[in-house]
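Beneath this line is the structure, given in structure tokens, with notes to follow.
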Amino acid sequence: MFDQVMALRACGFIVFRRLAQSSPPPDNIEYLLLQTSYGKHHWTPPKGHVDPGEDDLTTALRETQEEAGLGEEHLQVVDGFLQELHYEVRGRPKTVLYWLAELRDPKMAVTLSKEHQDYRWAKLEEACSLAQHKDLQDTLRAAQQHLDTEQGKH
1 MFDQVMALRA
11 CGFIVFRRLA
21 QSSPPPDNIE
31 YLLLQTSYGK
41 HHWTPPKGHV
51 DPGEDDLTTA
61 LRETQEEAGL
71 GEEHLQVVDG
81 FLQELHYEVR
91 GRPKTVLYWL
101 AELRDPKMAV
111 TLSKEHQDYR
121 WAKLEEACSL
131 AQHKDLQDTL
141 RAAQQHLDTE
151 QGKH
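Anchor point for the sequence shown: position 98 equals 98 in the UniProt record's numbering, and the numbering is continuous, going up by one each time.
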């Protein structure tokens with residue numbers, strides 16, 4: 001049984017940018033992944049633990065600001081996308097919520113915190129190979145699918 005009370009809870013953003021229209025969608029979309037400076041140096045979107053009394057979206061915004069230097073003013077949150085991942089970390093259940101956000105200025109620089117040693121903008125397949133974990137790969141693919149569907153509406 002998955003125990004929500006004992007679960008660690010984290011929130012973040014799948015941040016993407018659209019490149020200049022040199023290539024047609026979806027090839028003009030790149031996702032931001034950060035490489036941790038601890039453990040196995042895995043790659044993830046910016047995310048972090050919810051502070052007491054903080055709501056999930058506030059956590060996602062705060063962590064993205066702290067880990068990548070991208071504040072709310074730099075991001076355009078995409079409506080209708082929220083993925084919830086469940087997995088175990090060192091034997092404890094963890095829940096991670098990801099929203100989707102577009103970087104308003106594709107040339108905006110990323111500023112890493114001490115928690116990360118590198119970052120990369122990657123197209124979907126490269127992002128999935130960096131992500132390694134199937135649930136994160138599925139989340140990235142779901143984000144791309146959501147964007148493709150939105151693109152079709154315009």
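We treat Cβ as the ideally placed atom computed from N, Cα and C, and that holds for glycine.
Looking only at DSSP bridge pairs, what is residue i linked to?
| i | result |
| --- | --- |
| valine 15 | Ala101 |
| threonine 36 | His116 |
| tyrosine 10 | The amino acid at residue 10 is misidentified as tyrosine; the sequence shows alanine. Answer is His49 and Val96. |
| glutamate 30 | Arg17 |
Is it right to say residue i is buried, meaning 16 or more other beta carbons lie within 10 angstroms of its own, or is it exposed?
| i | result |
| --- | --- |
| glycine 12 | buried |
| glutamine 117 | exposed |
| threonine 139 | buried |
| glutamate 67 | buried |
| leucine 19 | exposed |
| threonine 111 | exposed |
| glutamine 132 | exposed |
What three-state label does DSSP hand residue i in the structure shown?
| i | result |
| --- | --- |
| histidine 41 | coil |
| histidine 133 | coil |
| aspartate 148 | helix |
| alanine 143 | helix |
| threonine 95 | strand |
| alanine 20 | coil |
| phenylalanine 2 | Caution is warranted here: a pLDDT of 46 is assigned to phenylalanine 2, below 50, making its placement in the model unreliable, and the coordinate value is therefore given only provisionally. If DSSP states are grouped into helix, strand and coil, phenylalanine 2 belongs with coil. |
To which residues of the same chain is residue i closer than 8 angstroms at the C-beta, ignoring the five residues directly before and after it?
| i | result |
| --- | --- |
| valine 50 | Arg9, Ala10, Cys11, Asp56 and Thr59 |
| tyrosine 31 | Ile14, Val15, Phe16, Pro45, Trp121, Ala122, Lys123, Leu124, Ala127, Leu140 and Ala143 |
Could you give the residue range of the beta strand (DSSP E) that holds residue i?
| i | result |
| --- | --- |
| aspartate 79 | 75–89 |
| lysine 123 | Taken as a continuous stretch (DSSP letters only), lysine 123 belongs to no beta strand (DSSP E), as it is neither H nor E. |
| glycine 48 | 47–49 |
What residue range is occupied by the uninterrupted alpha helix (DSSP H) comprising residue i?
| i | result |
| --- | --- |
| tryptophan 55 | Residue 55 is actually aspartate in this sequence, not tryptophan. Premise fails: aspartate 55 is in no alpha helix (DSSP H) and is neither H nor E. |
Among residues of its own chain, excluding the 5 on either side of residue i, which ones have a beta-carbon nearer than 7 angstroms to its beta-carbon?
| i | result |
| --- | --- |
| aspartate 135 | Leu85 and Tyr87 |
| valine 77 | Trp99 and Ala101 |
Within a Cβ cutoff of 6 angstroms, which residues of the same chain sit near residue i, ignoring the five residues on either side of it in sequence?
| i | result |
| --- | --- |
| glycine 80 | none |
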